Amino acid sequence: MKHTYKTRIYRVLVNAAMGLALAVIVSFIVGFFIPSNIVRALVFIAILAGYVWLVIINNIITIEVDDKTLTIKKGKKTDVYDIATTAIRAKIVTSTYGRSSAGSDTECSLYLTRPGEEEVLVDCELIGISHFNKLLENLGITGDSVAKLDTENTTEKHNS
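Residue numbers for the sequence shown follow our numbering, beginning at 135 and rising by one.
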């Protein structure tokens, strides 16, 4: 049976909002140094366009899985991997900002290695965590769960 996972509109909108926020913040900071509204507008447009191009458009993806192959379609490029001969591993990292989980971001990465070739990273963030977990299930990746680590950022001074 063939399963298809496509970029989710929700993830595109979340990333577009983050790009918009970044462009506003950078334009605001530039406003302190350059009083021209035209320059601020150009900086805003450049940051927003760059973010949309690099983070959204370059990562629009369709992943198809059937019994024997994994197909990755990204832009005009299509890569087909034989599941039986490809080493597959996945990484899910959730970063929380602040004390609540409301400000969190989840990174979904798939790593594919054909025999005799280098490992290829497939950024699956735009398909969303629920579809990524279904993809892993369809690929037969059901590894043991990992213990969650809560870490704090600390700065230590070392005397040398």
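Beta carbons are placed, not taken as given, at the ideal position from N, Cα and C, and that holds for glycine.
These figures come from a predicted structure and were not determined experimentally.
#### Entry: Opposing strand residues paired with K211 [DSSP bridges]
K208.
#### Entry: Selected residue, minimal CA-CA separation from D239, among I163, T203, V148
Checked all of I163, T203, V148; the closest Cα to D239 is V148.
### Whole-Å CB distance - L269 paired with V256, under 8 Å assumed
10 Å between Cβ atoms; not a contact.
### Message
Within a Cβ cutoff of 7 Å, which residues of the same chain sit near G165, ignoring the five residues on either side of it in sequence?
### Response
Once the five neighbours on either side are set aside, the close Cβ partners of G165 are R174.
### Query
Under a three-way DSSP split, which group does A155 fall into?
Of the three classes helix, strand and coil, the one that applies to A155 here is helix, per DSSP.
### For S170, three-class secondary structure by DSSP
Looking at S170 - three-state DSSP - the assignment turns out to be coil, as it is neither helix nor strand.
### Message
Quick check on this structure: which residue in R223, E241, A224, I222 has the alpha carbon closest to the alpha carbon of T230?
### Response
Taking each of R223, E241, A224, I222 in turn and checking the Cα distance to T230, the smallest one comes out for E241.
### Query
If T228 and I195 are in contact, beta carbons under 8 Å, what's the gap, nearest whole angstrom?
In fact, because the Cβ distance is near 20 Å, the residues do not count as touching under 8 Å.
### Task
Determine the closest residue to E253 out of I222, I263, Y139, with distance taken between C-alpha atoms.
When each option's Cα is compared against that of E253, the closest is I222.
### Task
Tell me where the alpha helix (DSSP H) around E271 begins and ends.
Boundaries of the alpha helix (DSSP H) around E271: 263-273.
### E259 (DSSP reduced to helix, strand or coil)
E259: helix per DSSP, three-state reduction.
### Task
Return the first residue and the last residue of the beta strand (DSSP E) that V199 is part of.
Membership of V199 in the beta strand (DSSP E) is indicated by the continuous run 195-199.
### Task
Grab the span of the beta strand (DSSP E) containing V189 for me, first residue to last.
It is not in any beta strand (DSSP E) - V189 carries neither H nor E in the DSSP assignment.
### Query
For D200, which residues of its own chain have a beta-carbon under 6 Å away from its beta-carbon, when the five flanking residues on both sides are left out?
Around D200, the same chain offers K136 as residues with beta carbons nearer than 6 Å, after the five sequence neighbours per side are excluded.
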